[in-house]
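A.B. asks:
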Amino acid sequence: MRLLWIQAGACGGDTLSLLCADNPPLEQLIDEGLELLWHPSLSTDSPHRLRQIIAGIAAAQISLDILCIEGSLITAPRNTGLWDPLGDRSKKEVIAELAEAAAYVLAIGTCAAHGGIHAAPPNPADCTGMQFDKITPGGLLPAHWRSRSSLPVINLTGCPTHPNIISKVLAFLLRGLPIDLDPWQRPTAFFATTVHQGCTRNEYHEYDIEDVDLGGQGCLFFNLGCQGPLTLAPCNQELWNSRNSKTRAGVPCFGCTSPDFPRNDDLFRTEKIGHIPLRLPLGVQRAHYIAYKDLAQEAAPERLIHRKMEP
Ligand code: SF4
């Protein structure tokens, strides 16, 4: 299968993530038949050659199986997109044309899927996502758009996307396996459970043992802004670099796979009403949570209260 990777308004983080994939690694996918037509960091061909490839795809002389877009779609100034050109055209125009030719279109990262950090207020470059504008359906492509394979844009959200989500989705496509999508067009195989599941701080969360400062062993939900119980991603089940996750390293989950990322508030502080977090774990009712929190504190064992466990 032939893959073309285009970077729009991006920091390059998803490319670095791709290079860290280890299950399966990119080299294995290439051995299995993935052909990189072009990748901005891996190809040694000149930009002139890229323009030839794009022209060949547009003229139906080169078939395109997988189009990967990394980064927000820049539409400024005045919806021309010319702040981000590719040759003498806007990149957004080229990407929309390539999407029509591709069997599968992957938005790699929350920026490509929803606009992400670049689209945060005041959004000076008028950034948007491939098929969503933050949480609103319709981005560069309209909400009803479908690729040659009858699928919408497949959103692999994250800031950056988890390395093995990228490589596994590519492996699914290479092997002809079906991909089920959730309402945000993310593969359910990777976005059906929360970051909270598998976190080593779960026991502290259970008994409402909270850290107030970074560097401790307790849960980071109640004071330090952790979004793990609200965020769908496999970060604590499939570890990054087979080794770690943000919460295991003591950093709160920022909810970077969520369509509304980044939240317009302090990422290291939990907004509360009284002593109860404003944003509760997915599906939990406030009245039930208030009752649970007080009971949990009463039931907390000494060994956790005095942080005698290793995180
Ligand atoms: S630190 Fe975050 S992910 Fe870990 S247990 Fe607490 S709320 Fe859940």
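Its first residue numbered 857, the sequence shown is counted upward by one per residue in this note's numbering. We put the beta carbon where it would ideally sit given N, CA and C, even for glycine.
Are the beta-carbon atoms of L1012 and I964 separated by less than 8 Å?
C.D. replies: Their beta carbons are under 8 Å apart, which means L1012 touches I964 by this criterion.
A.B. asks: Given 7 Å as the limit, tell me if F1117 has its C-beta closer than that to any heavy atom belonging to the ligand SF4.
C.D. replies: Every heavy atom of the ligand SF4 is 7 Å or more from the Cβ of F1117, so no.
A.B. asks: Which stretch, first to last residue, makes up the alpha helix (DSSP H) that contains Q908?
C.D. replies: Here the alpha helix (DSSP H) through Q908 covers P903 to A914.
A.B. asks: If I measure Cβ to Cβ from T936 and keep anything under 8 Å in the same chain, skipping five residues before and after, which residues do I get?
C.D. replies: The answer, listed in chain order, is S946.
A.B. asks: If we call anything under 8 Å between Cβ atoms a contact, is S1023 one with L885?
C.D. replies: Yes, they are a contact pair.
A.B. asks: The alpha helix (DSSP H) spanning Q1153 covers which residue range?
C.D. replies: Counting along the chain, the alpha helix (DSSP H) containing Q1153 begins and ends at R1142 to A1155.
A.B. asks: Taking its Cβ as the centre, do 16 or more other Cβ atoms sit within 10 Å of H970, making it buried, or is it exposed?
C.D. replies: Result: buried.
A.B. asks: In chain order, what residues of the same chain have a beta carbon less than 7 Å from the beta carbon of L938, not counting five sequence neighbours either side?
C.D. replies: Counting only Cβ-Cβ distances below 7 Å, and skipping sequence neighbours, we find S946.
A.B. asks: Can you name, in chain order, every residue of its own chain whose Cβ lies under 6 Å from the Cβ of C1082, other than the five neighbours on each side?
C.D. replies: Around C1082: L1076, P1108 and C1109.
A.B. asks: For the beta strand (DSSP E) containing C924, list its first residue and its last residue.
C.D. replies: That run of the beta strand (DSSP E) goes L920 to E926.
A.B. asks: Please confirm whether G869 and C983 have their CB atoms less than 8 Å apart.
C.D. replies: No, the Cβ-Cβ distance between G869 and C983 is not below 8 Å.
A.B. asks: Between P941 and G912, what straight-line distance do the alpha-carbon atoms span, to the nearest angstrom?
C.D. replies: About 19 Å.
A.B. asks: If you follow the beta strand (DSSP E) that V1068 is part of, which residue opens it and which one closes it?
C.D. replies: Unbroken run through V1068: none, as it is neither H nor E.
A.B. asks: A999 to Q987, Cα distance in whole Å?
C.D. replies: Their backbone Cα atoms lie some 6 Å apart in a straight line.
A.B. asks: Using the rule of at least 16 other Cβ atoms within 10 Å of the residue's Cβ for burial, across every protein chain shown, is G1071 buried or exposed?
C.D. replies: Exposed, since its Cβ has fewer than 16 Cβ neighbours within 10 Å.
A.B. asks: Could you tell me whether any non-hydrogen atom of the ligand SF4 is closer than 7 Å to the CB of T1103?
C.D. replies: Yes, Cβ of T1103 sits closer than 7 Å to a heavy atom of the ligand SF4.
A.B. asks: Which residue from Q1053, S897 and R1004 puts its Cα closest to that of L923?
C.D. replies: For the residues Q1053, S897 and R1004, the minimum Cα distance to L923 belongs to R1004.
A.B. asks: A1147: buried (16+ other C-beta within 10 angstroms of its C-beta) or exposed?
C.D. replies: Answer is exposed; the Cβ neighbour count stays below 16.
A.B. asks: In the DSSP assignment, find the beta strand (DSSP E) that holds Q863 and state where it starts and stops.
C.D. replies: Q863 -> beta strand (DSSP E) spans R858 to Q863.
A.B. asks: Strictly closer than 7 Å from CB to any heavy atom of the ligand SF4: give me those residues in the order they appear in the chain.
C.D. replies: Output, sorted by chain position: V1051, H1052, C1055, R1057, N1058, Y1060, H1061, C1075, L1076, F1077, C1082, G1084, P1085, N1092, T1103, P1108 and C1109.
A.B. asks: Just to confirm my understanding: we take G943, look at its own chain, exclude 5 residues before and 5 after, and list those with CB closer than 6 Å. What are they?
C.D. replies: Here the set comprises R907.
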